[in-house]
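Start counting the sequence shown at 2; every next residue gets the next number (the working numbering).
Just so you know, even glycine gets a beta-carbon here, dropped at the ideal spot from N, CA and C.
Computed from a prediction, not measured in an experiment: that's the story for all the values here.
The structure appears below as structure tokens.
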Amino acid sequence: MEALEAFQLEQGRRMIAWMRDLWSFPRTLTGEGVRQTLAYLQNQLSDLQLHQIPSGTEVFDWTVPNEWTLKSARLVGPEGVVVDASDNLLHVLIHSQPVDQKISLAELQPFLFSLPERPDAIPYVTSYYRSTWGFCMPHRQRESLPEGEYHAVIDAELRPGQMDFADLVIPGESPDEIVFSTYVCHPNLANNELSGPVMAMALAQYVAPLPKRRWTYRFVFVPETIGAVAYLARNLEHMKRHTRAGFILTCVGDERAYSYMPSRWGNTLADRVVRHVIHHHAPETISYSFLQRGSDERQYCSPGADLPFCSLMRSKYGVYPEYHTSDDHFEVVTERGLAGAFDKHVKIISILEANAVYRTTVVGEPQLGKRGLYPQTSTPGAGLAARDLVNLLAHADGTQDLIGICETIGLDAMKALGMVGTLVHHGLLEECPP
Numbered sequence: 002m003e004a005l006e007a008f009q010l011e012q013g014r015r016m017i018a019w020m021r022d023l024w025s026f027p028r029t030l031t032g033e034g035v036r037q038t039l040a041y042l043q044n045q046l047s048d049l050q051l052h053q054i055p056s057g058t059e060v061f062d063w064t065v066p067n068e069w070t071l072k073s074a075r076l077v078g079p080e081g082v083v084v085d086a087s088d089n090l091l092h093v094l095i096h097s098q099p100v101d102q103k104i105s106l107a108e109l110q111p112f113l114f115s116l117p118e119r120p121d122a123i124p125y126v127t128s129y130y131r132s133t134w135g136f137c138m139p140h141r142q143r144e145s146l147p148e149g150e151y152h153a154v155i156d157a158e159l160r161p162g163q164m165d166f167a168d169l170v171i172p173g174e175s176p177d178e179i180v181f182s183t184y185v186c187h188p189n190l191a192n193n194e195l196s197g198p199v200m201a202m203a204l205a206q207y208v209a210p211l212p213k214r215r216w217t218y219r220f221v222f223v224p225e226t227i228g229a230v231a232y233l234a235r236n237l238e239h240m241k242r243h244t245r246a247g248f249i250l251t252c253v254g255d256e257r258a259y260s261y262m263p264s265r266w267g268n269t270l271a272d273r274v275v276r277h278v279i280h281h282h283a284p285e286t287i288s289y290s291f292l293q294r295g296s297d298e299r300q301y302c303s304p305g306a307d308l309p310f311c312s313l314m315r316s317k318y319g320v321y322p323e324y325h326t327s328d329d330h331f332e333v334v335t336e337r338g339l340a341g342a343f344d345k346h347v348k349i350i351s352i353l354e355a356n357a358v359y360r361t362t363v364v365g366e367p368q369l370g371k372r373g374l375y376p377q378t379s380t381p382g383a384g385l386a387a388r389d390l391v392n393l394l395a396h397a398d399g400t401q402d403l404i405g406i407c408e409t410i411g412l413d414a415m416k417a418l419g420m421v422g423t424l425v426h427h428g429l430l431e432e433c434p435p
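See the structure below:
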């Protein structure tokens, strides 16, 4: 147990190191920051495939936006520099139009953004699909701005280019896939942005060297919303044929309670394995309704796509107080928080790898004792140790998968993994053909 915990914490340390490397890249929906991020990921995942889609491309009901390149953004007031995007990219309204204008404080106010309820934090604000400009700052600073003339300068370009994204496919025995999708479009945010990509990297590096894989694994790195829509536009038919379970990786870095966002149906294989894991290993998890969705499950679960995606997060997006502000940094995301989420997702993978429909090979209760699987003396309570084995065999009638059997008999599927191997080894259990 201590060795396992040490392994998990080492994963947490690695993920924090990756996050610090990625922190300064100026990510938005499009542009050089995304390319820098994907290049870094490719250095860690050599088989990661990079893709591009031109600006102006129609993807279902959306259009891929122009590339936004920010050279500088600074607001100067009567007493000097008020904010400078070189200090924190959150200081500028993301995808601002260029502006070079002298303006009074009253005229400037509609172009300023702050959060009264979190007065010392810079809010993260975007304007991807409406032409405007603006600056973001702590509300306390905004309230203290003096009257006078201000000079707003945003040196930016919005021009046709491309949107970049990437995927990694790790083949298994079956062409059917377990999919992990995350996003790469938020600057200077730790839990709501970088925890997802680094978790995807860690899980990919866990899956790749497994000596045997039942499923093929697909890891997807896209700008949120438009990237997922574009990825579906290119891969929908394949994903509809082959996706067995999908998971959004986001907000997996803090140490608060876990959060579960179900798929639209709530009963897919993805939902079942997450609910099983949290029941046995994170009973404090807060379960939400699909009506409270807010990430790319909106796209993957949409009618017409109908893919089985859900999420196991730490603090849910939109709920934890630092969300979408400059306070979402390395005091929110911790090595232990990441390690815990890594552990839960590895359990999900492990259970999915073992999940199949099983049946017993003998009629009647098998004689476990002659196989060394049952106590040789019938002292009171001696049979309790073998009860789970007996119950597993009693329900392995070829009609339920392993998760279903474990739910029926109240057994943790992680504990059942070894039992299945033992029973198969002794010829008492066999996997039914798919």
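Query	Result
On the CB-based measure, 16 or more other CB atoms within 10 Å of its CB, does serine 264 come out buried or exposed?	buried
In this structure, how does DSSP classify cysteine 137 when only helix, strand and coil are distinguished?	strand
I believe methionine 202 touches tryptophan 24 by the beta-carbon criterion, under 8 Å. Please report the beta-carbon distance rounded to the nearest angstrom.	The pair is not a contact, with the Cβ atoms about 15 Å apart (cut-off 8 Å).
What residue does the alpha helix (DSSP H) around aspartate 389 start on, and which one ends it?	388-396
Going by C-alpha to C-alpha distance, which of Glu80, Tyr130, Arg131, Ser145 sits closest to glutamine 110?	Ser145
Evaluate glycine 34 with the Cβ neighbour count: other Cβ atoms within 10 Å of its Cβ, from every protein chain shown; 16 or more gives buried, anything less gives exposed.	buried
The beta strand (DSSP E) that contains leucine 424, what's its start and end?	Premise fails: leucine 424 lies in the alpha helix (DSSP H), 414-426, not in any beta strand (DSSP E).
Just tell me which of Leu233, Gln102, Asp413 has its CA closest to the CA of asparagine 356.	Asp413
Given a threshold of 16 other Cβ atoms within 10 Å of its Cβ, counted over all protein chains shown, does tryptophan 69 qualify as buried or as exposed?	buried
Looking at the secondary structure, which residues open and close the alpha helix (DSSP H) in which isoleucine 249 lies?	Note, isoleucine 249: premise wrong, no alpha helix (DSSP H); beta strand (DSSP E) at 244-249.
Can we say the segment 63-83 touches the segment 117-127, given the rule of at least three CB pairs closer than 8 Å?	no
Are the CB atoms of serine 115 and proline 139 within a distance shorter than 9 Å?	yes
Select from Thr31, Val170, Ala271, Met420 the residue whose C-alpha is nearest the C-alpha of arginine 160.	Thr31
Restricting to runs no shorter than 4 residues, where is the alpha helix (DSSP H) found entirely within the segment 245-331?	270-282, 298-301
By a C-beta neighbour count over all protein chains shown, 10 Å radius and 16 as the cutoff for buried, is tyrosine 318 buried or exposed?	buried
Please classify alanine 355: does DSSP put it in a helix, a strand, or coil?	helix
Tell me which residue opens and which closes the beta strand (DSSP E) that isoleucine 123 is part of.	No beta strand (DSSP E) contains isoleucine 123, which DSSP labels as neither H nor E.
Taking valine 170 as the reference, give the member of Tyr261, Ala157, Leu46, Tyr301 with the closest Cα.	Leu46
Would you identify the three-state DSSP class for leucine 369, choosing helix, strand or coil?	coil
Return helix, strand or coil for glutamate 148, following the three-state DSSP convention.	coil
DSSP three-state label for methionine 2, please.	The pLDDT assigned to methionine 2 is 49, lower than 50, so where the model puts this residue is not dependable, and the model offers no usable value.
Indicate whether tyrosine 359 and alanine 395 have their beta-carbon atoms separated by less than 9 Å.	no
Determine whether the beta carbon atoms of isoleucine 410 and leucine 393 lie at a separation below 9 Å.	yes
Where does methionine 2 land, buried or exposed, given buried means 16+ other C-beta within 10 angstroms?	Its pLDDT being 49, under 50, methionine 2 is placed unreliably by the model, and nothing is read from it.
What does a CB cutoff of less than 8 Å around arginine 143 pick up in its chain, not counting 5 residues either side in sequence?	Leu113, Ser115
Candidates Ser97, Glu11, Gly173, His152: which alpha carbon is nearest glutamate 158's?	Ser97
To which residues of the same chain is methionine 164 closer than 6 Å at the C-beta, ignoring the five residues directly before and after it?	Thr31, Ile54, Val65
DSSP puts proline 55 in a beta bridge; with which residues?	Gln163
Let me make sure I understand the geometry here. Which of Pro188, Arg372, Pro117 has the alpha-carbon closest to that of asparagine 89?	Pro188
Between which two residues does the alpha helix (DSSP H) containing serine 196 stretch?	196-208
In or out: tryptophan 216 buried (at least 16 other Cβ within 10 Å) or exposed?	buried
So, do the segment 171-180 and the segment 217-230 have three or more beta carbon pairs nearer to each other than 8 Å?	yes
Name the one or two DSSP bridge partners that leucine 71 has.	Ala157
What are the start and end residues of each continuous alpha helix (DSSP H) run of 4 or more residues lying completely inside the segment 5-44, in chain order?	none
Sorted by chain position, which residues of the same chain lie with C-beta nearer than 6 Å to proline 79's C-beta, five sequence neighbours on each side aside?	Pro147, Gly149
Measuring CB to CB, does glutamate 336 end up less than 9 Å from leucine 10?	yes
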